[in-house]
Amino acid sequence: TLLDSMSALGDLGWEAYPAEGWEEISVMDERNTPMRTYQVCNVMEASQNNWLRTGHIAREGARRIYVEIKFTLRDCNSLPGVPGTCKETFNMYYYESNSANLRHVRESQFIKIDTIAADESFTQVDVGDRVMKLNTEVRDISNLSKKGFYLAFQDVGACIALVSVRVFYKRCPLAVRNLAQFPDTVTGGDSALVEVRGSCVADAEELEAPRMYCGADGGWLVPIGRCVCKPGFEEEEGACRPCRPGTYKASAMDAYCTKCPGHSHSPQEQASECICEKGYYRAEADSRSMACTRPPSAPDNPISTINETSVTFEWSPPLDNGGRGDVTYNVHCARCPGAGRSCGPCGPGGGGGPHFTPRQFGLSMGKVLVTELQAHTNYTFSVEALNGVSHLSPTPRQQVSVNITTSQTVSVMLKERKRKGSVTLAWQGPDRASGAVLEYEVIYYEKRDQNYTVLKTKSNIMTVNGLKPGTTYVFRVRARMDGGYGNYGGEIELETSHDGECQNVLDHEKQLFSISPYFRHCGYIKAKQDPDEEMQFQHGRGKSFPKTSIKLPGSRTYIHPHTYEDPNQAVRDFAKEIDASSIRIERVIGAGEFGEVCSGRLKLPGKREICVAIKSLKAGYTDKQRRDFLSEASIMGQFDHPNIIHLEGVVTKCKPVMIITEYMENGSLDTFLKKHDGQFTVIQLVGMLRGIASGMKYLSDMSYVHRDLAARNILVNSNLVCKVSDFGLSRVLEDDPEAAYTTRGGKIPIRWTAPEAIAYRKFTSASDVWSYGIVMWEVISYGERPYWEMSNQDVIKAIDEGYRLPAPMDCPLVLHQLMLDCWEKGRSDRPNFGQIVNALDKLIRSPGNLRPLANSSPPASTVEDWLDSIKMGQYKEHFASAGYVTLDSLLFINIRSVTPLMGVTLAGHQKKILSSIQSLQTQGTHVQV
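For the sequence shown, position 782 (counting from the first letter as 1) is numbered 782 according to the UniProt record's numbering, and the numbering increases by one without interruption.
As structure tokens, this is what we get:
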């Protein structure tokens, strides 16, 4: 308040001109308290011009001030004999000035504020009855700029008394919004908003610069930006409070302090990280929300299989993985020559080895092939399990060991002699043969195409006939004894000439090479041989020489079975053959297109018995049905990921033909969710979605497009881990544009398929992302059918017109927005699966972001209320003129209705209105749009 005449204790001292005009008097108010007023009542004389001017009023920085006047005014009709000079109004003026000692101001220099008229006037009778008609008027002055101002009141012939004059300005009071404090702020001039920069409260930091606007009426408007509590603090009643002992907050982006993860604690307040218990550790790359972990125990159940100078070493994962999923293995080798000599690290073997396949250290699978070992030698192999915190632990790493002894390796000396049209090879037997030599095996191949032939003979000489002229051949020999095959001996390279002469390209000295001693036989050839020579097999040598049965991990490119000329070869390459006697079928759990699906148990030699699912091929199948049935195994066998269904193997050598996979106790995701409707927390649902997205990222990275991603094709195990399954869908589209793309179940699954895949057969990882958005909707709605009872044609039409599924009940806003991102019309506008996994990880780390719900707004009662609630009130007349006057009528609106014909020209407004309509449709009855 800048001036209040009611609070004056003595004379106000305002200046009146002329002196016989306004008069200052003292009167008693209703509580008998004296107050100072000014009055004038020169109504009998014409041309009155009586001025009353206040003293200088300092504006104190205010640019807009308010003047409240309380006054009484006599009704001219109640004054008998008064000529027409009586008035019932007066004028109010102001004059800005930097001077507080203003002597004289001309009337023309004052600026008029307003002409003041009384709402209530009084008569002489009223005064006698003590009924005073008090009027109150408020006027404002804007855009003041000087140090202060004067008020002036002009009487032009009224009978008036100024009871009270109060001058004040408005301020926005001190406020705290979004953890930012905004100071007491004077309002702006006119109706301008004053932008105010806030400062973070104690123990908070800026996330985005906090700003707010002070309105002309003294109210705060439009908070922008925010502060967040620092690590170790959480928001509570507009302030940042320290985390209590036993809780922590690692990031300012986290909303609240959370309980310390497993095997950790925080003994004091304000913890930004929980301390690991003794014997437990947290790796540098671990999230602060991750439980502390420890090194794993030793690998379990070691098994070794010796084949002459090679060994296949397998083991099971450790019984205790330390609480981590990043277990790897290192294999250590020690050679023990015997005869009292001490063991030492494995040095070079017979051919420079040993050689570890796929590698010696950092193995992700419990299997390694070791070749190029020395013959007749004792070895000790130790394998240790490591995880991300093994290097932090001072205790020795746990190992499991096996001892093996290799068989004697046989090396040979190759010699050759030449004849026209043929080559005669001769060699010496092994120097230290372990028993009698049973036979020799000769391998030769054209160097150009590397298709090789294997011949056998019991002699140490062989003539190879029928060689092509002008062709380079490579020959190698090994011996078979009681202890098995030895390694291939020296290698000789010969080039035949047109005149029948052969030329040595390499020196024929003794060369020792240790080679894996087993092959896959692919077909027969005929060749002229000596009578004691035995015809053998021809091998394809394009992939490796020699070819081993171990599968190298880490391959990131999916190979389609259709690329194989022989589909059965794809099954052999990617699926392990299982002996039917290892399988025990227990009960039928379902039926597929090709036959029954059962649960049972699998017990492989040297391994623990496990539960499995068994798909069997029904009797009477055709060759094509068998190929189609096994193609799923050829695909599944290429994948190794915790969120992809794992293939154990196949049974193809006896009937029935079977595919064996891991057993998922809770079955398909859609059925599981319907059975447990509403029983999971939103974090559990997000965890399921994260697992599915992780599996799809793996498939996408391998350039594999699923094409039938839906909740029915996701399986759930007893730990609520979701795994992508059903890889039997046709993945190849014919070049013929009229060719129909079908799945096992018939037509394209319209409700889950992206529009470009429906219209143009354009299936990519981006179309899988669209399907993933539908799966998200299925999960949050607990297995509800997408698009409800709409026909497929209605779904296609609605999607084309911009319709998208509304948020399910109690769906977090961020999850529905992620669904909408997956359903962007443009493929390049959709997120990839890596981005989806990152987004879900952030939500899991910051669950507070899941609290705002997509459909939490109260329902509107009228179209006007609804438009106001979504801040689209400017379109009320447009909706009314288009015939949409009730909420029920909105249920039948579509994107074509929200067009320029209705006056909604902005694409963003169209999208906002349509999205809100979709929410109304969900809250009411599900209708076909």
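Virtual Cβ for every residue (Gly too), placed ideally from N, Cα, C.
What three-state label does DSSP hand N49 in the structure shown?
The residue labelled residue 49 in the question sits at position 49 within the sequence shown. The answer is coil: DSSP assigns N49 none of H, G, I, E or B.
Contact set for K674: own chain, Cβ-Cβ below 6 Å, skip 5 residues either direction
Along the sequence shown, one-based indexing puts residue 674 at 674. Once the five neighbours on either side are set aside, the close Cβ partners of K674 are G783.
If you run the structure through DSSP and keep just helix, strand and coil, what is G10?
Here residue 10 corresponds to residue number 10 of the sequence shown, with the count starting at 1. If DSSP states are grouped into helix, strand and coil, G10 belongs with coil.
Can a CB atom of chain C be found closer than 7 Å to the CB of D119?
No chain C is part of this structure, which consists of one protein chain only.
Going by DSSP in three states, Y445 sits in which element: helix, strand or coil?
Residue mapping note: residue 445 aligns to position 445 of the sequence shown, counting from 1. Here Y445 sits in strand by DSSP.
Which word fits A710, buried or exposed, when buried means at least 16 other C-beta atoms lie within 10 angstroms of its C-beta?
As a working note, residue 710 is residue 710 in the sequence shown. When all chains shown are included, A710 counts as buried.
Status (buried if at least 16 other CB within 10 Å, exposed otherwise) for C654:
Position 654 of the sequence shown, counting from 1, holds the residue named residue 654. Under a 10 Å Cβ-count criterion, C654 is classified as exposed, with fewer than 16 other Cβ atoms of the shown protein chains found around its own Cβ.
Go ahead and label L369 buried or exposed: buried means 16 or more other beta carbons lie within 10 angstroms of its beta carbon, across all protein chains shown.
Here residue 369 refers to the residue found at position 369 of the sequence shown. Buried, since its Cβ has 16 or more Cβ neighbours within 10 Å.
Just checking my contact of V474 with K447 at CB under 8 Å: how many whole Å lie between their CB atoms?
Numbered from its first residue, the sequence shown carries residue 474 at position 474. Numbered from its first residue, the sequence shown carries residue 447 at position 447. The pair is a contact, with the Cβ atoms about 6 Å apart (cut-off 8 Å).
Alpha-carbon spacing of E277 relative to G246, whole angstroms
Reading the sequence shown from its first residue, position 277 is the one you call residue 277. Reading the sequence shown from its first residue, position 246 is the one you call residue 246. Approximately 13 Å, taken between the alpha carbons.
Pull up the distance between the alpha-carbon of F545 and that of S393, whole angstroms please.
Within the sequence shown, residue 545 is the residue found at index 545, counting from 1. Within the sequence shown, residue 393 is the residue found at index 393, counting from 1. Note that F545 has pLDDT 28, beneath the 50 cutoff, so the model's placement of it is unreliable and the number below is only indicative. Whole-angstrom Cα-Cα distance: 42 Å.
Please look up how many angstroms separate the CB atoms of K422 and T463, rounded, as I've assumed it's under 8 Å.
The sequence position of residue 422 within the sequence shown is 422, counting from 1. The sequence position of residue 463 within the sequence shown is 463, counting from 1. For clarity, residue 422 is Ser in the given sequence; the question names Lys instead. Indeed, because the Cβ distance is near 5 Å, the residues count as touching under 8 Å.
Does DSSP put H263 in a helix, in a strand, or in coil?
As a working note, residue 263 is residue 263 in the sequence shown. Shown here, H263 sits in coil according to DSSP, grouped into three states, outside any helix or strand.
Option nearest S861 by Cα separation, candidates Q835, D155 and V885:
Along the sequence shown, one-based indexing puts residue 861 at 861. Ranking the options by Cα distance to S861, first place goes to V885.
How should Y760 be labelled, buried or exposed, when 16 other C-beta atoms within 10 angstroms of its C-beta is the threshold for buried?
To locate residue 760, count along the sequence shown from 1; it is residue 760. Exposed, since its Cβ has fewer than 16 Cβ neighbours within 10 Å.
My guess is that K822 and Y787 are in contact by the Cβ rule of under 8 Å, so how many angstroms apart are they, rounded?
Working through the sequence shown from its first residue, we reach residue 822 at position 822. Working through the sequence shown from its first residue, we reach residue 787 at position 787. Reading off the sequence, residue 822 comes out as Cys, not Lys. The beta carbons of C822 and Y787 sit about 15 Å from each other, so the pair does not count as a contact at 8 Å.
Rounded to a whole number of angstroms, what is the C-alpha to C-alpha distance between T187 and M212?
Here residue 187 refers to the residue found at position 187 when the sequence shown is read from its first residue. Here residue 212 refers to the residue found at position 212 when the sequence shown is read from its first residue. Computed Cα separation, rounded: 12 Å.
Could I get the ranges of all uninterrupted alpha helix (DSSP H) runs contained in the segment 119–203, with 4 residues as the minimum, in chain order?
Counting whole runs of 4 or more residues, the segment 119–203 contains the alpha helix (DSSP H) stretches 124–128.
Residue range of the beta strand (DSSP E) that L647 falls in?
Numbered from its first residue, the sequence shown carries residue 647 at position 647. It spans L647 to V651 - the beta strand (DSSP E) in which L647 sits, taken as one unbroken run.
Using a Cβ-Cβ cut-off of 6 Å (strictly less than) and excluding sequence neighbours within five positions of N98, which residues of its own chain qualify?
By one-based count along the sequence shown, residue 98 stands at place 98. Excluding residues within five positions, the ones whose Cβ falls inside 6 Å are K146 and K147.
List in chain order: all unbroken beta strand (DSSP E) runs of 3+ residues lying wholly within the UniProt domain "Fibronectin type-III" (295–405).
The qualifying runs are 300–307, 310–316, 328–336, 355–357, 367–371, 378–386 and 399–405.
Taking all protein chains shown into account, decide if L867 is buried (16 or more other Cβ within 10 angstroms of its Cβ) or exposed.
The sequence position of residue 867 within the sequence shown is 867, counting from 1. Result: buried.
What does the alpha-carbon distance come out to for the pair M35 and G232?
Indexing the sequence shown from 1 puts residue 35 at position 35. Indexing the sequence shown from 1 puts residue 232 at position 232. Note on geometry: alpha-carbon atoms of M35 and G232 lie some 60 Å from one another.
What are the boundary residues of the beta strand (DSSP E) that includes T37?
Sequence index remark: in the sequence shown, residue 37 carries index 37 (1-based). Counted as a single uninterrupted DSSP element, the beta strand (DSSP E) harbouring T37 occupies residues P34 to V40.
How would you call G388, buried or exposed, if buried means at least 16 neighbouring beta carbons within 10 angstroms?
To locate residue 388, count along the sequence shown from 1; it is residue 388. Buried: at least 16 other Cβ atoms inside 10 Å.
Compute the Euclidean distance between the alpha carbons of T185 and D841, then round it to the nearest angstrom.
One-based indexing of the sequence shown puts residue 185 at position 185. One-based indexing of the sequence shown puts residue 841 at position 841. Approximately 42 Å, taken between the alpha carbons.
Where Y741 falls: helix, strand or coil (DSSP)
As a working note, residue 741 is residue 741 in the sequence shown. For Y741, the predicted structure reports a pLDDT of 38, less than 50, and the residue's modelled location is therefore unreliable. A value from the coordinates is still provided. Looking at Y741 - three-state DSSP - the assignment turns out to be coil, as it is neither helix nor strand.
Determine the burial state of S516: buried for a count of at least 16 other Cβ atoms within 10 Å of its Cβ, exposed for fewer.
Working through the sequence shown from its first residue, we reach residue 516 at position 516. For S516, the predicted structure reports a pLDDT of 28, less than 50, and the residue's modelled location is therefore unreliable. The matter cannot be settled from this model.
P567, enclosing alpha helix (DSSP H) - first and last residue:
The count along the sequence shown starts at 1 and reaches residue 567 at position 567. If you look at P567, you'll find it in the alpha helix (DSSP H) that goes P567 to F574.
Within 7 Å, strictly: CB atoms of P302 and A385
For the purposes of this step, residue 302 is taken as residue 302 along the sequence shown, with counting starting at 1. For the purposes of this step, residue 385 is taken as residue 385 along the sequence shown, with counting starting at 1. No, the Cβ-Cβ distance between P302 and A385 is not below 7 Å.
Extent of the continuous alpha helix (DSSP H) run through T671
Your numbering for residue 671 matches position 671 in the sequence shown. It spans L669 to K675 - the alpha helix (DSSP H) in which T671 sits, taken as one unbroken run.
Helix, strand or coil for residue 934, going by three-state DSSP, please let me know.
For residue 934 there is no data in the structure shown, the boundaries of the chain being 1 and 929.
Alpha carbon to alpha carbon, how far is N460 from A426?
As a working note, residue 460 is residue 460 in the sequence shown. As a working note, residue 426 is residue 426 in the sequence shown. Between N460 and A426, the C-alpha separation is close to 6 Å.
Quickly, what does DSSP pair S599 with across the bridge? List them, please.
In the sequence shown, counting from the first residue as 1, residue 599 sits at position 599. Note: S599 sits in a beta bridge opposite R587 and A613.
Coil, strand or helix - E15 by DSSP
Reading the sequence shown from its first residue, position 15 is the one you call residue 15. Strand at E15.
Coil, strand or helix - D114 by DSSP
One-based indexing of the sequence shown puts residue 114 at position 114. Three-state DSSP puts D114 in a strand.
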